[in-house]
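Protein chains: 2
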Amino acid sequence: MKISTKGRYALRLMTDLAIHKDDGYISIKSIATRQNISEKYLEQIIKLLAKENLVESTRGAQGGYKLTREPVEYTVGEILRVTEGSLAPVACLETDDNPCENCMDCVTLEIWQCVLDAVNKVVDSITLQYLVDKQREKGNCGCC
Amino acid sequence: MKISTKGRYALRLMTDLAIHKDDGYISIKSIATRQNISEKYLEQIIKLLAKENLVESTRGAQGGYKLTREPVEYTVGEILRVTEGSLAPVACLETDDNPCENCMDCVTLEIWQCVLDAVNKVVDSITLQYLVDKQREKGNCGCC
DNA sequence: TTGAATTCCTAGCAATTTTGTAGTATATTA
DNA sequence: TAATATACTACAAAATTGCTAGGAATTCAA
Numbered sequence: 072m073k074i075s076t077k078g079r080y081a082l083r084l085m086t087d088l089a090i091h092k093d094d095g096y097i098s099i100k101s102i103a104t105r106q107n108i109s110e111k112y113l114e115q116i117i118k119l120l121a122k123e124n125l126v127e128s129t130r131g132a133q134g135g136y137k138l139t140r141e142p143v144e145y146t147v148g149e150i151l152r153v154t155e156g157s158l159a160p161v162a163c164l165e166t167d168d169n170p171c172e173n174c175m176d177c178v179t180l181e182i183w184q185c186v187l188d189a190v191n192k193v194v195d196s197i198t199l200q201y202l203v204d205k206q207r208e209k210g211n212c213g214c215c
Numbered sequence: 072m073k074i075s076t077k078g079r080y081a082l083r084l085m086t087d088l089a090i091h092k093d094d095g096y097i098s099i100k101s102i103a104t105r106q107n108i109s110e111k112y113l114e115q116i117i118k119l120l121a122k123e124n125l126v127e128s129t130r131g132a133q134g135g136y137k138l139t140r141e142p143v144e145y146t147v148g149e150i151l152r153v154t155e156g157s158l159a160p161v162a163c164l165e166t167d168d169n170p171c172e173n174c175m176d177c178v179t180l181e182i183w184q185c186v187l188d189a190v191n192k193v194v195d196s197i198t199l200q201y202l203v204d205k206q207r208e209k210g211n212c213g214c215c
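Residue numbers (the numbering used here), protein chains in the order written: chain E, 72 to 215; chain P, 72 to 215.
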């Protein structure tokens, strides 16, 4: 039941962008240096966020990324779902395709649905702005 | 954020044992046949449950496994934690060793703690007896 | 107009974890 | 003593994760 580095890095990445939201476009290189994360790996993660329009970019010198909205308008849940795929504990709850026709009537699906709802409720109640505020007070260990 | 087959199989395995709780010792072979899960793999999963005394065993002919308590005395959370290790979304929340000393003061740890609490609350509120009752009405698809 | 900086895109790969298999030793019962 | 089980250990295939590599396309500044 682990969150992967993709989701965790995405949270740090977005928090970094939020903290520098008034500094124009921010390069991956500078984020990678500050956060001590591989540049090339960050590139792949931010691509996921760009595809869903959570961030926008320009190429070339002085290029980089910036948020498309105010930090208070993002939730942690949204960021995690874009990068992790889905927070569902089983594939059957992934949108679109229920691989098994009996699933709808299955005992355990009900449990996984409750777990998913509980997780979503938590992460959807926390905004990126909250992360920024808390980070300013507390810092970030980088390992979780 | 997926539950592995170990946890899912363990739930089916325990439900199977609960349904046959008055039939003496139940062999892995018969469970494997009914649930259509590899015998040898089930063996490894049930070993985890036996180690924590959720089930007891006897060897030899007519041997097998049975529950050590009434189905109503097990929670889904307990079964999952024994087989999955922990439901924590990050390693830093795993008991005993916090690998990073700054974690205690980290922004995101707080979030992961809330997620863990929410998940535990759900799975700890569902008993094995509930699974048995629902399974009798609804069945189990075997895929989640 | 040229060069530096930067995103964009694709492919691959090493390490780890998951999901099993296989074989043998040990115990129990009829 | 033969059949039936668990107990234990080791290994292996498959999938996923986490990351690396290289080059094309774009933009800006000197």
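Just so it is clear, CB atoms sit at the ideal spot from N, CA and C, and this is done for glycine as well.
Contact belief for residue i with residue j at Cβ below 8 Å, rounded distance in angstroms
i	j	result
T154(E)	G78(E)	5 Å
P142(P)	A89(P)	4 Å
V147(E)	V193(P)	No, V147(E) and V193(P) are not in contact; Cβ-Cβ is about 19 Å, not under 8 Å.
Y136(E)	I97(E)	6 Å
E110(P)	K100(P)	6 Å
C215(P)	C174(E)	6 Å
L138(P)	N191(P)	22 Å between Cβ atoms; not a contact.
I74(E)	V126(P)	31 Å between Cβ atoms; not a contact.
W183(E)	L202(E)	With 8 Å as the limit, W183(E) and L202(E) do not qualify as a contact, their Cβ atoms being about 27 Å apart.
I102(P)	L120(P)	That belief does not hold up - the Cβ atoms of I102(P) and L120(P) are roughly 12 Å apart, past 8 Å.
Contacts of residue i in chain E (Cβ-Cβ under 8 Å)
i	result
L180(P)	C212, C215
V194(P)	I182, V186
Buried or exposed (CB count within 10 angstroms, at least 16 for buried), residue i
i	result
M85(E)	buried
M72(P)	buried
N107(P)	exposed
D87(E)	buried
N124(E)	exposed
R130(E)	exposed
T104(E)	exposed
R140(P)	exposed
A132(E)	exposed
T76(P)	exposed
Chain-ordered chain P contacts of residue i [CB-CB under 7 Å]
i	result
D176(E)	K209, G210
Q206(E)	V178
E155(E)	M72
Residue i: contacting residues in chain E (beta-carbon distance under 9 Å)
i	result
A121(P)	Result: empty, since nearest Cβ-Cβ is about 22 Å, beyond 9 Å.
Per-residue contacts from residue i into chain P (C-beta, under 8 Å)
i	result
L158(E)	M72
Beta-carbon neighbours of residue i, restricted to chain E and to distances below 7 Å
i	result
I197(P)	I182
L113(P)	The premise fails here: L113(P) is roughly 17 Å from chain E at the closest Cβ pair, so nothing lies under 7 Å.
Inset, instruction - Could you tell me whether the stretch 171-188 of chain P touches the stretch 204-211 of chain E, where touching means 3 or more Cβ pairs closer than 8 Å? - result: yes
Legend entry - Near-chain E residues of the stretch 72-106 of chain P (beta-carbon distance less than 9 Å), N- to C-terminal order: M72, K73, I74, S75, G78, R79, L82, R83, T86
Legend entry - Short-range partners of chain E found in the stretch 124-149 of chain P, where Cβ spacing is below 8 Å: V147
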